[in-house]
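Contents: one structure, followed by commentary.
Protein chains: 2
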Amino acid sequence: MKIALAQINQTVGDFQKNTEKICLYIERARNQNADLVVFPELAVTGYPPKDFLDIPAFIDENLKALGAIADRVYGISAIVGFVDRNKQRHGKLVHNTAAFIQDRRIASVHHKSLLPTYDVFDECRYFEPAHTISPVRFMNSLLGISICEDIWNDEEFWPRPLYELDPIENLIAQGANVIINISSSPFAVEKHDRIRLRMLIHDATKYKVPFIYVNQVGGNDDLVFDGNSVVIDARGRLIAQAKTFEEDLVVVDLENPEVQIQPRSYSPVETVHMALLAGLRDYVKKCGFRKVVIGLSGGIDSAVTAALAVESLGNTNVVGVLMPSQFSSQGSIDDAVALSQNLGITYKIIPIKDVFETYQKILQTEFEGMPFDITEENLQARIRGNIIMALSNKYGYLVLTTGNKSELAVGYCTLYGDMSGGLALISDVPKTMVYGLARYINREREIIPQNSIAKPPSAELKPNQSDQDSLPPYAILDGILKAYVEEARGIDEIIRMGFDEKVVREVIRKVNRNEYKRRQAAPGIKVTSKAFGSGRRMPIAHNFLC
Amino acid sequence: MKIALAQINQTVGDFQKNTEKICLYIERARNQNADLVVFPELAVTGYPPKDFLDIPAFIDENLKALGAIADRVYGISAIVGFVDRNKQRHGKLVHNTAAFIQDRRIASVHHKSLLPTYDVFDECRYFEPAHTISPVRFMNSLLGISICEDIWNDEEFWPRPLYELDPIENLIAQGANVIINISSSPFAVEKHDRIRLRMLIHDATKYKVPFIYVNQVGGNDDLVFDGNSVVIDARGRLIAQAKTFEEDLVVVDLENPEVQIQPRSYSPVETVHMALLAGLRDYVKKCGFRKVVIGLSGGIDSAVTAALAVESLGNTNVVGVLMPSQFSSQGSIDDAVALSQNLGITYKIIPIKDVFETYQKILQTEFEGMPFDITEENLQARIRGNIIMALSNKYGYLVLTTGNKSELAVGYCTLYGDMSGGLALISDVPKTMVYGLARYINREREIIPQNSIAKPPSAELKPNQSDQDSLPPYAILDGILKAYVEEARGIDEIIRMGFDEKVVREVIRKVNRNEYKRRQAAPGIKVTSKAFGSGRRMPIAHNFLC
Chain A
33 MKIALAQINQ TVGDFQKNTE KICLYIERAR NQNADLVVFP ELAVTGYPPK
83 DFLDIPAFID ENLKALGAIA DRVYGISAIV GFVDRNKQRH GKLVHNTAAF
133 IQDRRIASVH HKSLLPTYDV FDECRYFEPA HTISPVRFMN SLLGISICED
183 IWNDEEFWPR PLYELDPIEN LIAQGANVII NISSSPFAVE KHDRIRLRML
233 IHDATKYKVP FIYVNQVGGN DDLVFDGNSV VIDARGRLIA QAKTFEEDLV
283 VVDLENPEVQ IQPRSYSPVE TVHMALLAGL RDYVKKCGFR KVVIGLSGGI
333 DSAVTAALAV ESLGNTNVVG VLMPSQFSSQ GSIDDAVALS QNLGITYKII
383 PIKDVFETYQ KILQTEFEGM PFDITEENLQ ARIRGNIIMA LSNKYGYLVL
433 TTGNKSELAV GYCTLYGDMS GGLALISDVP KTMVYGLARY INREREIIPQ
483 NSIAKPPSAE LKPNQSDQDS LPPYAILDGI LKAYVEEARG IDEIIRMGFD
533 EKVVREVIRK VNRNEYKRRQ AAPGIKVTSK AFGSGRRMPI AHNFLC
Chain B
33 MKIALAQINQ TVGDFQKNTE KICLYIERAR NQNADLVVFP ELAVTGYPPK
83 DFLDIPAFID ENLKALGAIA DRVYGISAIV GFVDRNKQRH GKLVHNTAAF
133 IQDRRIASVH HKSLLPTYDV FDECRYFEPA HTISPVRFMN SLLGISICED
183 IWNDEEFWPR PLYELDPIEN LIAQGANVII NISSSPFAVE KHDRIRLRML
233 IHDATKYKVP FIYVNQVGGN DDLVFDGNSV VIDARGRLIA QAKTFEEDLV
283 VVDLENPEVQ IQPRSYSPVE TVHMALLAGL RDYVKKCGFR KVVIGLSGGI
333 DSAVTAALAV ESLGNTNVVG VLMPSQFSSQ GSIDDAVALS QNLGITYKII
383 PIKDVFETYQ KILQTEFEGM PFDITEENLQ ARIRGNIIMA LSNKYGYLVL
433 TTGNKSELAV GYCTLYGDMS GGLALISDVP KTMVYGLARY INREREIIPQ
483 NSIAKPPSAE LKPNQSDQDS LPPYAILDGI LKAYVEEARG IDEIIRMGFD
533 EKVVREVIRK VNRNEYKRRQ AAPGIKVTSK AFGSGRRMPI AHNFLC
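Protein sequence lines, in the order shown, are assigned to chains A and B.
For the first sequence, position 14 matches number 46 in this note's numbering, and the numbering has no gaps at all.
For the second sequence, position 511 matches number 543 in this note's numbering, and the numbering has no gaps at all.
Below you can see the structure in the form of structure tokens.
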């Protein structure tokens with residue numbers, strides 16, 4: 033049996049283009065003499081469709097599209113992810129389903145059994161789980177068709193399974209001798225190598241059957257999908273792997289596979305770099321933009337953001353804006369100019385001093401006799417936010433904000449100031465990882481000025497300011513944040529890890545108190561196991577300090 | 033049996049104060065010779081605790097608090113909502129549970145069976161459902177203890193039950209002769225009278241047993257809880273009802289109830305008014321603020337917001353700011369001043385003309401030869417946003433934004449401009465309902481100047497602007513929005529309701545395209561059946577136009 037893995041990049045709700053692409057890949061797979069072509073989870077609608085699933089017209093369009101796709105399935109069979117209606121008298125209105133299509137008709141449907149409802153996933157919100165599952169005969173095989181989470185509950189692999197049911201065990205018990213899994217499994221750093229691939233190899237070895245894993249690729253809002261679709265043979269050997277962060281069609285003859293492959297291995301910083309490029313490219317394109325504008329401070333965060341944007345979109349689609357104040361050092365201006373020249377992007381210099389002074393004048397009576405404080409610092413950031421939004425409004429640029437995860441965690445950023453923009457590209461990248469990205473970007477030649485990397489970070493909103501005036505060193509801050517935000521550890525446990533108690537309490541207090549800022553932040557690209565945003569839902573009004 | 037309904041207002045994660053309040057109500061109930069005192073769902077933690085439930089230390093604190101509460105239960109029994117650990121080897125780590133406490137010990141625990149996972153609810157994200165349930169002997173009764181959603185699945189009452197299981201039917205089948213339900217059931221206009229109370233009366237009548245329903249009260253972020261705890265007797269008669277939007281302790285002798293009562297009935301506008309007052313009061317208090325600042329344009333939205341704030345917080349805790357531009361009419365300024373005087377609040381006048389001109393000067397080279405457009409309109413709104421945030425930063429005021437739901441739906445508002453602030457008080461109130469609130473606020477004397485109500489709405493961001501230049505009349509807009517947003521109807525269905533096709537398509541296109549603005553909006557107080565925010569989760573990047 034020759035199986036084609038169609039690793040495609042869909043847009044939520046773009047039924048026409050999604051259908052066209054699926055039909056194109058069916059044709060390409062048929063041209064390569066595949067017997068079966070397999071598409072990712074919810075390939076028809078794009079993933080995640082979120083609350084569009086509550087709109088009956090959206091479900092109708094998806095069913096119509098599936099019908100049009102089925103019509104093109106001849107001389108090959110296909111497995112296509114779509115949204116099916118729940119025909120029972122109770123429960124959620126729809127299922128997350130795989131259609132098994134043969135000779136222009138839907139031969140069987142296979143609903144998802146396990147519905148992830150944690151982190152960024154809300155599937156119990158929408159879907160009714162499968163009530164029964166069964167394998168399906170195809171050529172000489174009995175295919176066990178499963179959907180994403182269905183393979184993530186092996187009681188030997190996981191220390192504590194999340195679900196009572198194991199659909200794979202169930203399918204195998206019914207005689208399935210090939211497991212097919214269609215997925216939309218988002219990227220997180222090290223997830224593919226360390227978890228997903230290990231798990232698939234474990235399961236294939238355990239059950240002595242091949243696993244065909246087809247994942248979606250590309251970005252949808254905050255989520256980016258790495259692809260990395262694979263075929264594992266019945267001896268647990270990796271015999272095919274699709275590209276990372278690119279569309280791909282991989283055809284494998286299960287009876288006569290090529291020899292075991294060793295896929296190209298990427299370092300964590302390389303995969304994060306690829307994830308950010310893919311996430312940015314798709315957000316810009318799927319939102320209908322072409323160009324982006326970025327405020328350049330001369331610091332490392334905006335430099336990394338601009339370098340990523342140029343690599344993702346091309347230097348003619350990136351505009352830089354320098355908005356110096358009286359507190360900006362000449363060095364910072366020089367660094368931002370050097371960066372722009374290294375990247376070959378258009379840059380503009382718009383000083384904010386006059387506007388800042390005019391604000392101070394109109395607020396003079398009001399603030400008479402009160403000292404310069406966070407008010408004036410924020411005001412400068414907000415003037416910059418206004419200018420960059422004016423450029424966005426006038427020219428139709430998408431604004432990229434440049435804040436990193438460490439700042440966002442402790443609220444070291446200004447609402448309606450540097451937080452103004454449509455996409456917060458590196459907002460899930462901890463500061464220590466920003467340095468790694470900068471070094472990686474400079475691996476062949478200096479793109480980001482060395483000075484932007486080497487100098488002590490500063491917001492430059494008052495004289496002689498340094499980030500370390502108000503925050504612990506980033507290596508320590510990021511260690512505490514990883515323990516608290518990503519690993520949900522309690523204060524006592526974090527202190528036992530060796531961090532200073534006073535610092536730990538102060539950091540966690542800041543994280544908990546700054547939820548209101550994050551609630552109004554632009555979406556970012558999730559690259560860690562726990563990003564702020566839809567995967568971390570915290571109350572604003574509360575009184576829990578750990 | 034004398035039962036006390038303890039309708040209390042808790043703060044998420046404030047274990048000390050929550051415990052103190054529960055102990056106080058235990059004592060008050062004991063002093064009134066109650067045999068049993070019943071508290072709302074998750075009374076120990078506050079509701080909704082959201083992702084604090086993922087932090088083990090949060091669960092520990094809640095268990096410690098429950099222990100301290102149990103210690104105070106003597107001479108009375110108590111039912112208290114808390115978070116229990118799931119002792120099984122798989123599944124979610126915790127249950128949403130009611131503790132039945134007698135003589136200082138937890139005699140039994142009762143887990144929630146049905147976990148709402150739709151709209152603002154995410155309970156499958158956190159909780160493992162009950163695997164078995166059973167009633168508990170108390171005095172001469174067999175109590176069926178249930179939690180919120182558990183009573184919302186009667187197959188006779190609902191056209192299509194959401195769950196296969198009906199825990200109430202199950203408890204009754206096991207002999208329960210009193211049903212107790214502890215809830216945290218958020219307010220939506222007309223929900224109590226039209227749904228909740230009707231359902232409870234239906235169920236009591238059907239099963240011929242009394243229903244004791246105890247609901248939380250008060251605001252937590254976007255959700256506000258109306259209380260309205262009730263006792264329905266075995267003949268389906270309402271024999272007790274606690275206050276609306278206030279804490280209360282109601283003691284009922286089930287064997288000798290008072291005669292049937294007729295609770296005070298409120299009109300929809302009255303309940304929305306109460307909900308907004310309670311939501312604002314608690315958001316301000318639970319976030320640690322005292323005073324609020326509001327930009328006053330002379331229009332109806334900011335007038336209603338200011339009037340609600342004064343009623344909720346007192347006139348000494350509300351500051352108004354007028355920020356006129358060259359496009360502001362003298363009438364608008366006069367109306368805002370008159371409003372401030374009617375409300376007895378401090379107001380400041382800070383004209384934005386100088387700052388606006390300075391921005392135009394520094395952007396002159398950049399925008400040379402390009403016409404005045406949305407850029408300059410937004411810039412004015414953003415200058416106002418900056419000024420009001422400067423006042424917030426300098427004095428520690430919470431900023432209330434003043435946009436209504438109709439504007440937010442179609443994006444008729446400026447990110448980082450009039451959307452700047454900590455709470456968007458009326459962002460779930462459609463414009464047509466804003467008029468109703470204004471008339472209600474003016475029911476005894478003119479508080480909101482008649483002119484603010486009567487004049488055609490305008491953003492006053494360019495000469496002779498009117499909302500109806502870019503939007504259909506609000507009565508039509510709100511009709512379409514209700515059908516699309518609240519009722520999730522498709523375009524064809526909405527057109528069949530009698531709306532013009534072109535208008536419907538344009539409105540829905542605007543709603544779908546402006547998700548990016550709402551993603552960065554301040555939280556608002558949910559008063560309708562479907563608010564923007566956590567209850568409506570839409571992708572930003574998509575291509576679905578209905």
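Glycine residues also receive a C-beta, built at the ideal position from the N, C-alpha and C atoms.
No experiment lies behind these values; they were computed from the predicted model shown.
Three or more Cβ pairs closer than 8 Å define a contact, and the region 356-366 of chain A falls short of that threshold against the region 390-399 of chain A. By a beta-carbon distance limit of 8 Å, Val76(A) does not contact Val105(A). Their separation comes to about 13 Å. With three or more CB-CB distances shorter than 8 Å, the region 449-459 of chain B counts as touching the region 304-318 of chain B. Chain B has a Cβ within less than 8 Å of the Cβ of Leu411(A). Judged by DSSP secondary structure, Gly327(A) falls within the beta strand (DSSP E) whose first and last residues are Val324 to Gly327. Taking a C-beta cut-off of 8 Å against chain A, the contacting residues of the region 194-213 of chain B are Leu194, Tyr195 and Glu196, listed in chain order.
Shown here, Ile394(B) sits in a helix according to DSSP, grouped into three states. In summary, the residues of the region 538-558 of chain A whose CB is separated from some CB of chain B by less than 8 Å are Tyr548, Arg551, Gln552, Ala553, Ala554 and Pro555, in the order they occur in the chain. Within the region 114-172 of chain A, complete alpha helix (DSSP H) segments of at least 4 residues are found at 155-158, given in chain order. In the displayed model, Leu340(A) falls within a helix according to three-state DSSP. Per the Cβ contact rule, the region 120-127 of chain A is not in contact with the region 133-140 of chain B (fewer than 3 Cβ pairs under 8 Å).
If you draw a straight line from the Cα of Gly176(B) to the Cα of Arg528(A), it comes to about 45 Å.
Burial is judged here by how many other beta carbons sit within 10 angstroms of a residue's own beta carbon; Leu577(A) has fewer than 16 and is exposed. Secondary-structure assignment with DSSP links Gly250(A) through a beta bridge to Phe257(A). Residue pairing by DSSP puts Gly565(A) in a beta bridge opposite Arg568(A). Taking a Cβ-Cβ cut-off of 7 Å, the neighbours of Asp253(B) in chain A comprise Pro571, Ile572 and Ala573, given in sequence order. Pairwise C-beta distances place the region 329-344 of chain B in contact with the region 474-488 of chain B, as three or more of them are shorter than 8 Å. The criterion of a C-beta distance shorter than 8 Å is not satisfied by Ile200(B) and Ser166(B). Gly401(B) sits exposed, since fewer than 16 C-beta atoms from the chains shown fall within 10 Å of its C-beta.
Taking 3 residues as the minimum length, the beta strand (DSSP E) runs contained wholly in the region 51-85 of chain A are 68-70, in order along the chain. Membership of Gly99(A) in the alpha helix (DSSP H) is indicated by the continuous run Pro88 to Ala102. Think of a sphere of 9 Å around the beta carbon of Thr337(A): no beta carbon from chain B falls inside it, the nearest being about 18 Å out.
At a C-beta separation below 7 Å, Cys319(B) has these neighbours in chain A: Ile572 and Ala573. In the DSSP annotation of this structure, the continuous segment of the alpha helix (DSSP H) that includes Gly363(A) starts and ends at Gln362 to Leu375. Within chain B, Ile406, Thr407 and Asn410 have C-beta atoms less than 7 Å from the C-beta of Asn425(A), given in sequence order. For the 8 Å CB-CB criterion, Val353(B) and Ile377(B) do not form a contact. When the beta-carbon positions are compared, Pro193(B) and Phe257(B) stay at least 8 Å from each other.
Here Val517(B) carries a helix assignment [DSSP, helix/strand/coil]. For Lys82(B), the residues of chain A that pass the 8 Å Cβ criterion are Arg569, Met570 and Pro571, in the order they occur in the chain.
Nearest to Thr560(A) by C-alpha distance, out of Gly435(A), Ala102(A), Leu503(A) and Thr303(A), is Thr303(A). Residues of chain B with a Cβ closer than 7 Å to the Cβ of Gly417(A) are, in chain order, Tyr448.
Between Ser438(A) and Tyr506(A), the CB-CB gap stays under 8 Å.
Nearest neighbour of Leu85(B) by Cα position, chosen from Ser145(B), Asn41(B), Glu160(B) and Tyr150(B), turns out to be Glu160(B).
Taken through DSSP and simplified to helix, strand or coil, Phe243(A) comes out as strand. For Val44(B), no pairing in a beta bridge is given by DSSP. Rounded to the nearest whole angstrom, the C-alpha separation of Leu469(A) and Glu279(A) is 24 Å.
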